[in-house]
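A.B. asks: So our numbering is basically just the index in the first sequence, starting at one, shifted up by 291.
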Amino acid sequence: MLFMVDFGFRVQAKDKKTKARVGEIMTPHGIIQTPAFVPVGTQGAVKSLTPEEIRECGTQLFFVNTYHTYLRPGLDVIKKFGGLHQFMGWDGPIITDSGGFQVFSLGRRGKGAEVADENLDPSSVSGSRFHGLDTKKKMKPDKILSAPRAIASLVKISDEGAEFRSHWDGTKHFFTPEKAMEYQWVLGSDIHIAFDDCTPYGLTHEKARISMDRTHRWAARSLSANAKIKMQNAKLGKPYQALYGSVQGSIYEDLRKESAKFISTLDFDGIAIGGVSVGETKKEMVDVLDWVVPLLPVEKPRHLLGVGEIDDIFALVARGMDTFDCVQPTRLARVGCVYINAASRKWEMDITKKACAEDIRPIEEGCECYACQHFSRAYIHHLFRVKELLAYRLATIHNIHFINSLMEDIRRAIEDGSLLDLTKQWL
RNA sequence: GCUGAGGUGGCGGAGUGGACAAUCGCAACAGUCUGUAAAACUGUCGCCCUACCGGGCUACCCAGGUUCGAAUCCUGGCCUCAGCA
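1) For H665 and I323, what's the separation of their Cα atoms in angstroms?
2) State the DSSP-derived secondary structure class of N632, mapped to helix, strand or coil.
3) Helix, strand or coil for S541, going by three-state DSSP, please let me know.
4) Taking the beta carbon of F465 as the centre, do at least 16 other beta carbons fall within 10 Å, making it buried, or is it exposed?
5) Please report the distance separating the alpha-carbon of W582 from that of F615.
6) Please check the pair G349 and N695, which I expect to be a contact at CB under 8 Å, by giving their CB distance rounded to whole angstroms.
7) CB-CB under 7 Å to K429, same chain, minus the five flanking residues each way: which ones, in chain order?
8) Out of Q523, S396 and S667, which one is the CA nearest neighbour of T643?
9) Going by DSSP, what residue range makes up the beta strand (DSSP E) through D388?
10) In terms of alpha-carbon separation, which member of K552, Y474, S537 and N517 lies closest to P588?
11) So D488 and S502 are supposed to be a Cβ contact under 8 Å. How far apart are they, rounded?
12) Kindly give me the distance between the Cβ atoms of T506 and Q539, rounded to whole angstroms, as I take these residues to be in contact under 8 Å.
13) If you check the beta carbons only, do A316 and V355 fall under 8 Å apart?
14) Per the contact definition of three or more C-beta pairs closer than 8 Å, is the stretch 540-548 in contact with the stretch 507-521?
15) Between which two residues does the alpha helix (DSSP H) containing K526 stretch?
16) For T556 and A533, what's the separation of their Cα atoms in angstroms?
17) Among S568, T387, L362 and T687, which one has its Cα closest to the Cα of I604?
18) Can you give me the start and stop residues for the alpha helix (DSSP H) that C663 sits inside?
19) Identify every run of the alpha helix (DSSP H) within the stretch 343-389, keeping only runs that are complete inside it and at least 4 residues long; order them along the chain.
20) Label W459 either buried or exposed according to how many other C-beta atoms from any shown protein chain fall within 10 Å of its C-beta, with 16 as the threshold for buried.
21) Note down, in chain order, each residue of its chain lying with its Cβ closer than 8 Å to the Cβ of E659, except the 5 sequence neighbours on either side.
22) Classify R652 as buried or exposed, calling it buried when 16 or more other Cβ atoms lie within 10 Å of its own Cβ.
23) Please report the straight-line C-alpha distance between G528 and I654, rounded to a whole angstrom.
24) From V584 to K307, what does the alpha carbon distance come to, in whole angstroms?
25) Do you know whose CA, among T462, V579 and L546, lies nearest K498's CA?
26) Nearest-angstrom Cα distance between E473 and F486?
27) Between K573, A606 and D388, which has its C-alpha nearest L352's C-alpha?
28) Going straight from the alpha carbon of P491 to that of T467, what length do you get?
29) Tell me whether K370 is buried or exposed, calling it buried when 16 or more other Cβ atoms sit within 10 Å of its Cβ.
30) What separation, rounded to the nearest whole angstrom, lies between the Cα atoms of R312 and T462?
31) What is the rounded straight-line gap between the Cα of R703 and the Cα of L713?
32) At a cut-off of 7 Å, is R500 close to the ligand MG when judged by its beta-carbon and the heavy atoms of the ligand?
33) On the premise that L340 lies in contact with I688, defined as a C-beta separation below 8 Å, what is that separation, rounded to the nearest angstrom?
34) Using C-beta distances below 8 Å, list every residue in its chain close to G599, excluding the 5 sequence neighbours before and after it, in chain order.
35) Would L595 and I564 be called neighbours here (beta carbons separated by less than 8 Å)?
36) Classify K447: buried if its beta carbon has 16 or more other beta carbons within 10 angstroms, exposed otherwise.
In structure tokens:
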């Protein structure tokens, strides 16, 4: 019989010149060495990879989305398997997002604003990241609903919760903080995140406060709902499942600090910082960390939601973040953009460009990933040109490995006290 | 040789007297991407000038012709494909 490990975190080393720290998060499914990058497997899969490959790339924690798995395959199916771990065939730690981000991303279209919807500032809609969906033509019906519908917001928010219209079939689903807790217990992830109201960039202070207050009320509700479920499951001998509270407050210093303090006073197992990388500048994002992190309890692990690019990683680690998830490496990989450790500030190379067509070198000399150990740029370039599935796999493997290997270097550097030197080498 | 169909921008393929430098798809090229509505999306895509509005030139197999005006109609030529011999 397995020895049940509760959730825990301990700091093992601190950098003297920055707020960076090396630590370990203990979960029932294994230990996570931090700081750690967390690849995103929204629908229960890191696109194109097997769990074994994900692990071989150095991944310690797997990020899955509650909203997506709730829709498909549905919680009933996952329940039959006893949770995501068994369903997905991943026996390492899993962290689940609450669906809070979909409040932001599915809510981007302003036309659903018939209902009081103070989160959707119409002025911010023009800068939508989903600019591709602005045009009616070229939308593939099987992916994006019918055109007129897709323009409207798929989310309506009230104090009670958020009503989503499925991006698959338009059916309505109502998420509340309580339900998000219940769902995540069904998913069986090791770390849950409280349902929050993730706001778009460009919100006024007034609207940001309204939203933040709502996130706070939802945090409290999440916690009490979670306490009940946790107790029931403990009696049944189920493994502990941790809960992180989410800090919001947009780009406003007073709100961010208030949120950091408030969330810190609650009995969460860790703290997530959300509402960043939604369109603000890098400076604004870093400011948020500078305001928030010093107010967080040192003994709790901190997760940054949705960041980051290579340079962001150095910034967030130096500010004391322990884990962070981001779709960048996997998404970029699928469009042929692979990471390289280049002297130029951009750590990306578009392998679909002609320049790679006859390049016999691996993506990166010295890289120990499977793709670089076995294949040339020319071959992967070719795979992308002809849209072979292997292209996406190899690029994804490389990018995840690249970041995880960077994180390993960062951990070592923090222990050595050489983080700033390493940072200089990269930036 | 006869009969039928047809020759349009890198390719496929619309257009069948003016709103055509020519729909659309593919390819090509450039760009975007940070808790994934993403193996996606956006833009460019005859040549030249222009920061921009825009302007100039050459174009729908070739050569003539009809017409104010032709990718579109007429004549001749060349070529391709299918069926028959």
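Glycine is no exception: its CB is placed at the ideal position from the N, C-alpha and C atoms.
C.D. replies: Put simply:
1) 29 Å
2) coil
3) coil
4) exposed
5) 18 Å
6) 3 Å
7) Caution is warranted here: a pLDDT of 31 is assigned to K429, below 50, making its placement in the model unreliable, and the coordinate value is therefore given only provisionally. Taken in chain order, the list of residues that qualify is empty.
8) S667
9) I385 to D388
10) K552
11) 5 Å
12) 4 Å
13) Checking the sequence, you will find Ile at residue 316 rather than Ala. No, the Cβ-Cβ distance between I316 and V355 is not below 8 Å.
14) no
15) H496 to K526
16) 16 Å
17) S568
18) Y661 to H665
19) 357-360, 366-372 and 375-379
20) exposed
21) H692 and S696
22) exposed
23) 47 Å
24) 16 Å
25) L546
26) 11 Å
27) D388
28) 20 Å
29) exposed
30) 45 Å
31) 10 Å
32) Summarising the ligand content, the structure contains no ligands, and the ligand MG is consequently not present.
33) 7 Å
34) S568, A606, L607, F615, C617 and Q619
35) yes
36) buried
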